Amino acid sequence: MKLRERATIIGDYSRASWLRMRGAEIASKVRIGRCCELGDARVVMIGARSVLEAGVILKVADPAARLRLDAHVFVGRGTIFDLVGELTIGHGTMIAPCCFFTDHNHGTRLGEPMWQQACEREDIRIGSDVWIGARAVILPGVHIGDGAVVGAGAVVTDDVEPMTIVGGVP
């Protein structure tokens with residue numbers, strides 16, 4: 001292993017340790033890449049040997065929000081989690097770069113200005129051994145079953161059954 005690679009790994013482990021000190025529940029051998037933004041670390045739980053590549057953003061709009069990643073989860077660079085509720089990701093799931101997860105949406109009642117409407121939230125659950133392709137968007141209330149594959153660029157608005165491959169706007 002080259003010196004530069006070794007330094008990167010040591011930096012990743014150091015960032016995980018720093019988040020532990022800020023209140024995150026982080027298991028052993030978790031790697032957190034450079035330039036990750038994790039506002040309130042107390043809402044984060046990350047299982048052993050998980051990896052967050054550089055530039056992953058956890059935007060928390062509510063202190064009651066929770067992000068739970070089981071062991072061996074991989075999150076690609078530039079992925080954004082925008083949460084007010086709960087998002088759970090099962091063991092061994094792989095998330096490609098630049099995906100977007102949001103568990104809330106603005107209300108859309110007629111006759112009332114958008115900016116005055118409250119957000120409506122629905123938790124997201126991603127099963128184990130799931131593969132989510134690059135730039136996929138996962139919307140509120142979606143449950144993705146174990147072993148499912150979400151194609152690159154998909155906008156997921158409904159549940160995905162276990163062991164299913166989806167693309168487009170499923």
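If you read the sequence shown in our numbering, its first letter stands for residue 1, the second for the next number, and so on. C-beta: ideal position from N, C-alpha, C; glycine also. For clarity, every value in this text was computed on a predicted model and none was experimentally measured.
Can you find the residues in the same chain that come closer than 6 Å, C-beta to C-beta, to residue i, ignoring five residues on each side of it along the sequence?
{"i": "G141", "result": "E122"}
Could you please give me the residues that DSSP links to residue i through a beta bridge?
{"i": "H91", "result": "None, per the DSSP bridge assignment."}
{"i": "D82", "result": "K59 and T102"}
{"i": "V137", "result": "F100 and V155"}
{"i": "I144", "result": "I126 and V160"}
What does a CB cutoff of less than 7 Å around residue i pick up in its chain, not counting 5 residues either side in sequence?
{"i": "G168", "result": "A154"}
{"i": "V149", "result": "W131 and I165"}
{"i": "A136", "result": "C99, V150, A152, G153, A154 and V156"}
Output the distance between the C-alpha atoms of residue i and residue j, rounded to the nearest integer angstrom.
{"i": "E161", "j": "E5", "result": "39 Å"}
{"i": "E86", "j": "P63", "result": "11 Å"}
{"i": "H106", "j": "L139", "result": "12 Å"}
{"i": "A118", "j": "D103", "result": "14 Å"}
{"i": "F81", "j": "H91", "result": "18 Å"}
{"i": "A96", "j": "T79", "result": "8 Å"}
{"i": "A24", "j": "I32", "result": "12 Å"}
{"i": "Q116", "j": "L110", "result": "12 Å"}
{"i": "L67", "j": "T88", "result": "6 Å"}
{"i": "R20", "j": "A41", "result": "8 Å"}
Run through DSSP, which three-state label would residue i get?
{"i": "V174", "result": "Examination of residue 174 is not possible in this model, given that the chain is present from 1 through 170 alone."}
{"i": "R66", "result": "strand"}
{"i": "V43", "result": "helix"}
{"i": "L3", "result": "helix"}
{"i": "L38", "result": "strand"}
{"i": "R49", "result": "coil"}
{"i": "R22", "result": "coil"}
{"i": "R109", "result": "coil"}
{"i": "R121", "result": "strand"}
{"i": "R15", "result": "helix"}
Taking the alpha-carbon of residue i as reference, which of the options has the nearest alpha-carbon?
{"i": "V56", "options": "I10, R15 and G85", "result": "R15"}
{"i": "D159", "options": "I95, H91, I126 and R77", "result": "I126"}
{"i": "V44", "options": "G78, I9, V84 and A54", "result": "V84"}
{"i": "T8", "options": "E53, G23 and I26", "result": "E53"}
{"i": "W18", "options": "E37, T108 and I144", "result": "E37"}
{"i": "S50", "options": "G147, E120, I144 and D129", "result": "D129"}
{"i": "G39", "options": "V30, S28, A61 and V73", "result": "A61"}
{"i": "D70", "options": "L58, R77, S28 and G47", "result": "G47"}
{"i": "R77", "options": "R34, K59, M114 and E112", "result": "R34"}
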